[in-house]
Structures are given as C-alpha cells and as structure tokens.
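For the sequence shown, our numbering begins at 624 and goes up steadily by one.
In what follows, a single structure is set out as structure tokens and then discussed.
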Amino acid sequence: MKKFFVGSGLGIMILLSGCSPEAESDTATDEVSEALAETEAENEQLNEEIGNLEEENQELRDQAEEAAGGEGDDEEITGLQNENEELQEMNSELQEENEALASEVEDLETENDELNGKIASLEEDISSLHAEEDEAEADLGTGDIGDTEEAASGDDVPAEWQAALDSAYTYAEIMHMSKAGIYDQLVSEYGENFPAEAAQYAVDTMEWDWNANALESAKSYREIMSMSNAAIYDQLISEYGEQFTAEEAQYAVDNLD
C-alpha cells in the first residue's frame, strides 16, 4: 500500500508570515511542529481510507474470479453432457449389435432344430434298416424263402450248400447286397458261418441283377446320408463298404435320380 503525505502549504505560509523577525525561534518551531502533526494525522487517515479501498477492490477481484470459476464449471458441465451424449450413442449402437446377434442366434437355433429333425429322421430310417436285417436273419433261420428253391436242382447238392444259397438270395433280395458282400456274410463267424465251399457255391449259382442292387444301395445312401455321387461310388466299391464292382457302382451313380 502506497502512503501519501499531504500537507497544508497555505497554513504553513500563514504561520510563517505572522511571525515577525523578532519572534523567538522556539515559538515558530512549536507552531510548525503542530501543523506538521496535524498534517501527518490527516495523511494517516487518507492512507487508512486508501487501504480500505484497496481491500474492497481485492474483494471485487475475488468475486470476479469466483464468477469466472462458475463459468468454468459451466464449461465442465457442458463437456460432461457432450460425453454423456456420446456414451448414449455408443450404447444405442451396442444395443443394435446385440439385437443383430440375437437374431443370428435365433436363426442358428432354428437351423439346429431342423438338423435335429433330420437326424431324428435318419435314426428312424436306420432303425427300420436294422428291423429289416433282423427280419432277414429270422427268415434265414426258418428257411422261409420265396423262389430260392428253384435256384439249384438235383439231388447231389448238399443240404448245407442249398441253405447257403437260400441265405444268399435273402441277402440279395432284402439287403440289396453285392455278390462279394454276400459271400463275406455267409462265411463270417459273426454272420452265417457257412463253409467257404457252400458260400462259393451260393454266389456262383445264384442268378441276380447286381446292377439293380448297387442302384438300390446308392439310393439308400442318397436318401439317408445325403451323400454325393462321388462319395456313394467310393462307398459302393470299398472293401469295407458294399464291395460292388466298379462297373456296378458306376451304373448305380449314373442312374440316380
């Protein structure tokens, strides 16, 4: 705070002019000192008023800064509002993505249900095939075969060979097996367990349309397994599959609907 000394020049001049050259110096000095004291008192009062004004000015400045701080808060609030709007927009986008994913999941569940239905249908078809196999085995056990008695003639054919021939016709008619497949089934210890000679007699003696059997097997693979022509062909000629000849397998795939 700056201090100012304010003196009354006119008062000093009057005091000095009122003194004669003969006045004593002590009296003049006392009067001047008194005037100076009064002036210093006035100056002190003015300095005090100036200090008060500076304090008021500082208060006004503080209030201005607080007001400016309020504006800063407004800017921060505006920034937060903008950020909130951006977050809401992002949330909307995520909700849209979630709805799209939910729709995809629903489509996949529908497709899965359809596939389960197909699987159930295939299982029913397989069960039907197993039932036919059981029926064929039952027929083989009782010897109840239709026209197989005409397959061989003569009293010199062993009964076991005739039985093998009857079984071979059953496998060909009901199971649509190949010639090689029937032979394996006849001699297998897990199948008919006929002697090799009886099985060979059966497959050599029987008369059958092997192309037709290959075609029926191919249709079964197509309807039940939905296999391609190439896959069906491989299955028909495979030694672990149907064991048809290449010509028979080719006839089958060429005549599939």
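Positions of the beta carbon are idealized from the N, C-alpha and C atoms, including for glycine.
- Residue environment: residue 836 is assigned as buried (16 or more neighbouring CB atoms within 10 Å of its CB, all protein chains considered).
- Rounded to the nearest angstrom, the gap between the Cα atoms of residue 804 and residue 865 is 6 Å.
- A check of alpha carbon separations from residue 821 across 810, 663 and 871 identifies 810 as the nearest.
- Straight-line measurement puts the Cα of residue 733 at about 53 Å from the Cα of residue 827.
- 742 is the residue among 800, 742, 700 and 677 whose C-alpha sits nearest the C-alpha of residue 847.
- Residues 801, 802, 867, 868 and 871 of the same chain have their beta carbon placed closer than 8 Å to that of residue 833, with the five preceding and five following residues left out of the count.
- Judged by their CB atoms, residue 788 and residue 850 are not nearer to each other than the 8 Å cut-off.
- Secondary structure note for residue 880: it is in no alpha helix (DSSP H), with a DSSP letter that is neither H nor E.
- In the three-state reduction of the DSSP assignment, residue 868 falls in the coil class, being assigned neither a helical nor a strand state.
- When only Cα atoms are considered, residue 684 and residue 710 end up about 39 Å apart.
- Here DSSP, grouped into helix, strand and coil, assigns residue 780 to coil.
- The DSSP-derived three-state label of residue 735 is helix.
- Distances from the CA of residue 845 to each of 819, 703, 879 and 701 were compared; the closest alpha carbon is that of 879.
- For residue 877, the closest alpha carbon among the candidates 736, 797, 852 and 724 is that of 852.
- A straight-line Cα-Cα distance of about 23 Å links residue 782 and residue 798.
- According to the DSSP assignment, residue 816 belongs to no alpha helix (DSSP H), since it is labelled neither H nor E.
- Collapsing the DSSP output to three states places residue 713 in a helix.
- Taking the CA atoms as reference points, residue 842 sits about 40 Å from residue 724.
- Under the DSSP assignment, residue 856 falls in the alpha helix (DSSP H) whose first and last residues are 852-860.
- Residue burial is scored here from C-beta neighbours: residue 689 has fewer than 16 other C-beta atoms within 10 angstroms and is therefore classed as exposed.
- A distance of 8 Å or more separates the beta carbons of residue 812 and residue 790.
- Note on geometry: alpha-carbon atoms of residue 663 and residue 673 lie some 15 Å from one another.
- For residue 843, the enclosing alpha helix (DSSP H) stretches over residues 833-843.
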